[in-house]
Amino acid sequence: MNHALLKATAQAMSAEGKGLLAMDESNATCNKRFAALGIDQSADMRRAYRDLLVSAPGLSRSIAGAILSDETIRQQTLAGVPFAHALADAGIVAGIKVDAGAVDLAGHPGEKIAQGLDGLRERLAGYAQLGASFAKWRAVIAIDAALPGQACIAANAHALARYAALCQEAGLVPIVEPEVLMDGAHTMARCKAVTEQVLHAVFAQLREQGVLMEGMVLKPNMVLPGLACAQQESAAAIAYATLACLRRAVPAAVPAIAFLSGGQAPELASERLNAMHAGPGLPWALTFSFARAIQEPALALWRGMPANVAAAQRVLVHRADCNGAARRGQYSAAMERAGAPGNTL
Ligand code: 13P
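The working numbering applies: residue 9 is where the sequence shown begins, and numbers increase by one.
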């Protein structure tokens, strides 16, 4: 295992004032989002949309790394440059989603296990050749009155650790993503208890598989009340609960924690990340790895129309900059009022 390479990549992914752009939606998920906006669901449209994202002027100001899908890393930008190379040219580290999605966990109704370990060593070598420096594997954990069960937590923690060890063997930094879902009416306290339980299980497995803490990035959910919970919480309360949970569960040797957005409204995600930087020093870089909370406004503006590309790019970079500011504790509602510079739509 090349410790120096892994540490350097993890540091580059969490550069000061920057975060990650998750643009690794599977074709099915991307098509679903396109369909909701009346956008044609084809490989060419997915390529055009990913080109819009990667070529947005100023993106690298707040984006240190971007996560691609298997389709995108094999495609070229509209200018004919492989996507991973276009990112590198812009000073952005390229990554790749390598789990093969979540399927029903046998014998445990309502629970999922992420799959994709078979053949992963060979796939990682191929992705490294295509220009990837890091990888991502997402496990999903649902909460309801009876869930999650220990079997689901243990199986997903084990798979995440096997994946992470294979990544480090291949010289790729693993993003370890155990996502406790927001769906449901559970309280923030319940989300906190489940998230802490999941993170303890994940780090126990990471240790057992010999994963280098300094050469990985954790991508957790924020600790939030369920979307249908009657008692929603302030950004300050969410920041307090999330940091308390992470401080208990995540070793200080981990260089960076990059949150997923999980379906939060974009402005709320920025406000909550910002609130986590209100207090004194944290042991890890604490940043973002958002998909929806960065992309949503830009996608809605683009709607598949070439005439909207420039305006959509400005909105995209504005959201990235808001999150870059939040990661430094310098985000404010005034940034939203100022809006994306030059946006005339
Ligand atoms: P969201 O920010 O939309 O939750 O997506 C992050 C991600 O990469 C999910 O795996």
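Note that the Cβ used here is the ideal one computed from N, Cα and C, for glycine as well.
Fair warning: this is a prediction, and the values are worked out from it, not measured in the lab.
For residue i, the nearest candidate out of the options (CA to CA)
i	options	result
D107	A98, Q123 and D97	Q123
A172	P182, A178 and H166	P182
I71	D329, E344 and A346	D329
A245	R280, I47 and R41	R280
L290	A301, E344, A261 and L276	A261
A277	N229, S34 and N39	N229
S141	A96, L155 and N164	A96
K144	N164, L168, A163 and P156	L168
E304	P156, A341 and R327	R327
R336	G88, P156 and A283	A283
G332	P288, E344 and R69	R69
H285	G157, A334 and A44	A334
Q137	G218, P274, E24 and I81	I81
A243	A341, T37 and A153	A341
Cutoff 6 Å; reference residue i; Cβ partners in own chain excluding five residues on either side
i	result
L28	G73, A266 and S297
L13	G179
R55	Q83
A299	A30
Q338	none
V202	I151 and V188
F42	Q49
A98	S68
CB contact flag (residue i, residue j, <9 Å)
i	j	result
H93	G139	yes
Y356	L307	The first residue shown for the chain is 9 and the last is 353, placing residue 356 beyond what the model contains.
M53	G312	yes
E187	L268	yes
K394	T295	Only positions 9 to 353 of the chain appear in the structure, and residue 394 is not among them; the question remains open.
A301	Q272	yes
L207	L254	yes
M9	E216	no
V325	L67	yes
A159	G115	yes
L251	G192	no
P65	Q321	yes
V184	K227	yes
Continuous alpha helix (DSSP H) stretch holding residue i: start and end
i	result
A43	N35 to A44
S278	P274 to A283
W310	R300 to W310
D52	A51 to V62
A4	Because the chain spans 9 through 353 in this model, residue 4 falls outside it and cannot be assessed.
K26	Neither: K26 is in no alpha helix (DSSP H) and is coded neither H nor E.
G73	Looking at the DSSP string, G73 is not in any alpha helix (DSSP H); the run it does join, the beta strand (DSSP E), is I71 to L76.
H166	Q158 to E177
V317	V317 to R335
M313	Per DSSP, M313 belongs to no alpha helix (DSSP H) and is neither H nor E.
L251	A243 to A257
G234	No alpha helix (DSSP H) holds G234; DSSP gives it neither H nor E.
H11	H11 to M21
L214	M196 to E216
E130	L128 to L138
Own chain partners of residue i with C-beta closer than 7 Å, once the 5 adjacent residues on each side are dropped
i	result
T85	D59, V62, S63, F91 and A94
K120	A110, V111, D112, L113 and V148
A264	A18, M21, S22, V225, W292, A293 and T295
R256	E204
L125	A167, R170 and Y171
L174	L128, R129 and L132
M343	C330 and A333
D32	I75, L76, S77, K105 and K144
I161	I149, Q205, V206 and A209
V219	A169, A172, A173 and Q176
A163	L113 and I121
E275	E344
Segment limits, beta strand (DSSP E) that includes residue i
i	result
P186	V181 to V188
V366	Residue numbering for the chain in the displayed model covers 9 to 353; residue 366 lies beyond these limits and cannot be assessed.
I100	That residue, I100, is in no beta strand (DSSP E); it is neither H nor E in DSSP.
D107	Premise fails: D107 is in no beta strand (DSSP E) and is neither H nor E.
I47	Where I47 is concerned, there is no enclosing beta strand (DSSP E), given that its DSSP letter is neither H nor E.
A264	A264 to F267
A122	K120 to A122
Beta-carbon proximity list for residue i, same chain, < 8 Å, skipping 5 on both sides
i	result
P233	H194, T195, M196, C199, Q239, Q240 and E241
L353	Note that L353 scores 48 on pLDDT, short of 50, meaning its location in the model is unreliable; the coordinates nonetheless yield the value given after this. Cβ within range, chain order: L309, N316 and A319.
E222	H11, L14, K15, A18, A261, V262 and P263
G347	H326
G46	R311 and G312
Within-9 Å CB hit, residue i to chain C
i	result
E33	In the displayed structure, chain C is absent; only one protein chain is listed.
Say whether the segment 234 to 251 touches the segment 212 to 219, bearing in mind that this needs 3 or more beta-carbon pairs closer than 8 Å, one atom from each stretch.
no
For the segment 66 to 83 and the segment 94 to 106, state whether three or more C-beta atom pairs, one from each stretch, are separated by less than 8 Å.
Three or more beta-carbon pairs separated by less than 8 Å link the segment 66 to 83 to the segment 94 to 106, which places the two stretches in contact.
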